[in-house]
Amino acid sequence: NAGVTQTPKFQVLKTGQSMTLQCAQDMNHNSMYWYRQDPGMGLRLIYYSASEGTTDKGEVPNGYNVSRLNKREFSLRLESAAPSQTSVYFCASRLTSPSNEQFFGPGTRLTVL
Amino acid sequence: KNQVEQSPQSLIILEGKNCTLQCNYTVSPFSNLRWYKQDTGRGPVSLTIMTFSENTKSNGRYTATLDADTKQSSLHITASQLSDSASYICVVSDTYASGGSYIPTFGRGTSLIVHP
Numbered sequence: 001n002a003g004v005t006q007t008p009k010f011q012v013l014k015t016g017q018s019m020t021l022q023c024a025q026d027m028n029h030n031s032m033y034w035y036r037q038d039p040g041m042g043l044r045l046i047y048y049s050a051s052e053g054t055t056d057k058g059e060v061p062n063g064y065n066v067s068r069l070n071k072r073e074f075s076l077r078l079e080s081a082a083p084s085q086t087s088v089y090f091c092a093s094r095l096t097s098p099s100n101e102q103f104f105g106p107g108t109r110l111t112v113l
Numbered sequence: 114k115n116q117v118e119q120s121p122q123s124l125i126i127l128e129g130k131n132c133t134l135q136c137n138y139t140v141s142p143f144s145n146l147r148w149y150k151q152d153t154g155r156g157p158v159s160l161t162i163m164t165f166s167e168n169t170k171s172n173g174r175y176t177a178t179l180d181a182d183t184k185q186s187s188l189h190i191t192a193s194q195l196s197d198s199a200s201y202i203c204v205v206s207d208t209y210a211s212g213g214s215y216i217p218t219f220g221r222g223t224s225l226i227v228h229p
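Chains A and B are the protein sequences, given in the same order. When we follow our numbering, the leftmost residue of the first sequence carries the number 1, and every step to the right adds one. When we follow our numbering, the leftmost residue of the second sequence carries the number 114, and every step to the right adds one.
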């Protein structure tokens, strides 16, 4: 039981390049989330998926797209990377219960030059 | 707008000492409050969860308190260890929805450094 996995762990891009961050969970969770974490800013929600087949914008969606490929996988795409997207990206999945606990992946550290 | 404020931003203590981290929130209607621990280079991991009716909950050397009237929570760490060095994040949710429209509000975290 791996929990939430993310690939890659590190990535360096040049401005204007595109890439996809991958996330998968093996806990049979319905909801999945993408956050970015910047120094002093805390975790900010980019997009989330309440269930397979649905996605919704979060607080900072500009410059990103997502795909909920199936129940397990939720990818985040940067179509044209900008230096402002340099950050650490975390994927999370949620246990559907009164506790509402989110389980986080190990993160992807992205640098855009 | 829902907000979660944490203090202090950072804290340095000596190994073996106790410390208390604070969380104030303006989330309504309140559902639950969770404290996460985030080690450097890792994702956050849940420490405790508190609902409206709970005012104290312990997890080993970690004790969380909640005052729903004043909308304040604290996380007390007893007999700190080097492994307690981490960021501690307060997260408050205002709804529970089985369908998944659960968007919690995150604090910015308190960075704790424990020195030997």
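Think of the CB as a built atom: it goes at the ideal place given N, C-alpha and C, for glycine as much as any other residue.
Check your understanding: In chain A, what lies closer than 9 Å to residue 226 of chain B by C-beta?
Key -> On the second sequence, residue 226 of chain B is found 113 positions in, with the first residue counted as 1. Within 9 Å Cβ-Cβ: nothing; residue 226 of chain B doesn't reach chain A, min ~15 Å.
Any idea if residue 197 of chain B is buried or exposed, counting beta-carbon neighbours within 10 angstroms, 16 or more meaning buried?
Indexing the second sequence from 1 puts residue 197 of chain B at position 84. That one is buried.
How do the stretch 7-23 of chain A and the stretch 63-78 of chain A stand: do at least 3 beta-carbon pairs fall below 8 Å, yes or no? yes
_CB contact below 7 Å: residue 157 of chain B versus chain A_ = The sequence position of residue 157 of chain B within the second sequence is 44, counting from 1. True, the Cβ-Cβ gap to chain A drops below 7 Å.
Do you know whose CA, among B:139, B:131 and B:157, lies nearest residue 119 of chain B's CA?
For the purposes of this step, residue 119 of chain B is taken as the residue at position 6 of the second sequence. The shortest Cα separation from residue 119 of chain B among B:139, B:131 and B:157 belongs to B:139.
Check your understanding: What is the C-beta distance between residue 223 of chain B and residue 122 of chain B, in whole angstroms, given that I count them as a contact (C-beta under 8 Å)?
Key -> By 1-based counting over the second sequence, the position of residue 223 of chain B is 110. By 1-based counting over the second sequence, the position of residue 122 of chain B is 9. Indeed they touch by this definition, with Cβ atoms about 7 Å apart.
- Task: Give a yes or no on whether the minimum CB-CB distance between residue 12 of chain A and chain B is below 7 Å.
- Result: Your numbering for residue 12 of chain A matches position 12 in the first sequence. Closer than 7 Å: no.
| By how many angstroms is the C-alpha of residue 37 of chain A removed from the C-alpha of residue 83 of chain A? | The residue you call residue 83 of chain A lines up with position 83 of the first sequence. The residue you call residue 37 of chain A lines up with position 37 of the first sequence. One C-alpha to the other measures close to 14 Å.
*So, is the C-beta of residue 219 of chain B closer than 7 Å to a C-beta in chain A?*
Reading the second sequence from its first residue, position 106 is the one you call residue 219 of chain B. Yes - at least one Cβ of chain A is within 7 Å of the one on residue 219 of chain B.
Exercise for the section: Flag residue 190 of chain B as yes if its beta-carbon sits less than 7 Å from any beta-carbon of chain A, otherwise no. Expected result: Taking the first residue of the second sequence as 1, we reach residue 190 of chain B at position 77. For residue 190 of chain B, the answer is no, since every Cβ of chain A falls outside 7 Å of its Cβ.
* So is residue 138 of chain B in contact with chain A if we call contact Cβ pairs under 7 Å? -> The sequence position of residue 138 of chain B within the second sequence is 25, counting from 1. With 7 Å as the cut-off, residue 138 of chain B does not count as an interface residue toward chain A.
Taking DSSP as the reference, what is the three-state secondary structure of residue 85 of chain A? For this step, residue 85 of chain A is matched to residue 85 along the first sequence. Residue state, collapsed to three classes: helix.
Exercise. DSSP on residue 193 of chain B, reduced to helix/strand/coil?
Worked result: In the second sequence, the residue the question calls residue 193 of chain B occupies position 80. Residue 193 of chain B sits in coil when the DSSP states are folded into three classes, being neither helix nor strand.
Exercise. Should residue 108 of chain A be labelled buried (16 or more other beta-carbon atoms within 10 Å of its own) or exposed?
Worked result: Here residue 108 of chain A is taken as the residue at index 108 of the first sequence, counted from 1. Buried, because 16 or more other Cβ atoms sit within 10 Å of the Cβ of residue 108 of chain A.
Give a yes or no on contact between the stretch 53-61 of chain A and the stretch 90-110 of chain A, applying the rule of three or more CB pairs nearer than 8 Å. no
- prompt: Measuring CB to CB, does residue 189 of chain B end up less than 7 Å from residue 169 of chain B?
  reply: Taking the first residue of the second sequence as 1, we reach residue 189 of chain B at position 76. Taking the first residue of the second sequence as 1, we reach residue 169 of chain B at position 56. No, the pair does not count as a contact, with Cβ atoms beyond the cut-off.
**Request:** Label residue 145 of chain B either buried or exposed according to how many other C-beta atoms from any shown protein chain fall within 10 Å of its C-beta, with 16 as the threshold for buried.
**Result:** What you label residue 145 of chain B is simply residue 32 of the second sequence in a count that begins at 1. The residue in question, residue 145 of chain B, is buried, as its Cβ has 16 or more Cβ neighbours within 10 Å.
Spatially closest choice to residue 217 of chain B from A:2, A:64, A:46 and A:63, by CA coordinates: Looking up residue 217 of chain B in the second sequence gives position 104. Considering only alpha carbons, the answer is A:46.
Q.
Residues of chain A with CB closer than 7 Å to the CB of residue 206 of chain B, please, in chain order.
A. Counted from its first residue, the second sequence places residue 206 of chain B at position 93. By Cβ distance, chain A contributes 100.
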